[in-house]
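S.K.:
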Amino acid sequence: SQQGEEDPQALSIQEGENATMNCSYKTSINNLQWYRQNSGRGLVHLILIRSNEREKHSGRLRVTLDTSKKSSSLLITASRAADTASYFCAPGRPSGSRLTFGEGTQLTVNP
Amino acid sequence: DAGVIQSPRHEVTEMGQEVTLRCKPISGHNSLFWYRQTMMRGLELLIYFNNNVPIDDSGMPEDRFSAKMPNASFSTLKIQPSEPRDSAVYFCASSFGGGGEDTQYFGPGTRLTVL
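Chains as they are written, first to last, in the working numbering: chain L, 1 to 111; chain Y, 1001 to 1115.
#1: DSSP state of D1056/Y, grouped into three classes?
#2: By Cβ distance, which residues of its chain are closer than 6 angstroms to N1129/Y, with the 5 residues on each side in sequence left out?
#3: Let me check one thing: in DSSP terms, what residues is L1127/Y bridge-paired to?
#4: Applying the 10 Å Cβ sphere with the 16-neighbour rule, what's the burial state of M1060/Y?
#5: Quick one: is N38/L near chain Y, going by C-beta distance under 8 angstroms?
#6: Give me the residue from N18/L, A82/L, R62/L, S24/L with the minimum Cα distance to C89/L.
#7: Using only CA atoms, which one of P1081/Y, Q1080/Y, Y1105/Y lies nearest to W1034/Y?
#8: For T114/L, does the count of other Cβ atoms within 10 angstroms reach 16, so buried, or fall short, so exposed?
#9: Under 8 angstroms, do T1038/Y and A1088/Y count as touching if we go by C-beta distance?
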């Protein structure tokens, strides 16, 4: 399969806590992207990490990538109720293939 | 700059009727994707176009589904005849570039209900 697999399937935390979601994939990549989907809305691109990067930050988001383990993690610090959404990872491969999405992690942040 | 535009946002129809969903990609993007999302099956890629040419339609469930992209700024997904199991949210997305590493930008979706 070319898609990423997110883990856990569901995560419930309290506001203010950190949320960590993991992604595993099977083949070589050029980059790995994380997307968020709020209920009833389209996916929104959050952050992209290239295969030669190990860590990337964007606001309260921190993404790590371990190409030797074919895995990535997304950390959301100081979570807010508005972070409640589904989060998807998408391994980006060279031209000729296409971005694919897995089942996602459903994050619930309780106020 | 406007994002991906989809219409209609909601569609309710009766079984057997023809349904046409429309999408306007972001200007300058040359790849367009149609997805279907349901609770049971998650997000499924139906078809994608590069430079207006269908590249992979292996996700189109059956002959009742067809998609066209007559020009770089417009695409349609048609279901004829529609069935209750087609009820889902249909998303259109576009990207700059035809590679598998390009960021996709999603529209707001069309929620289709077939009675």
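All C-beta atoms, glycine included, are put in the ideal place defined by N, C-alpha and C.
These numbers come from a predicted model, not from an experiment.
M.R.: So, from the data block:
#1: strand
#2: Nothing in the structure corresponds to residue 1129/Y, since chain Y is present only between 1001 and 1115.
#3: Because chain Y in this structure spans residues 1001 to 1115, residue 1127/Y falls outside the shown range and cannot be described.
#4: buried
#5: no
#6: S24/L
#7: Y1105/Y
#8: There is no way to answer for residue 114/L, as the model of chain L reaches only from 1 to 111.
#9: yes
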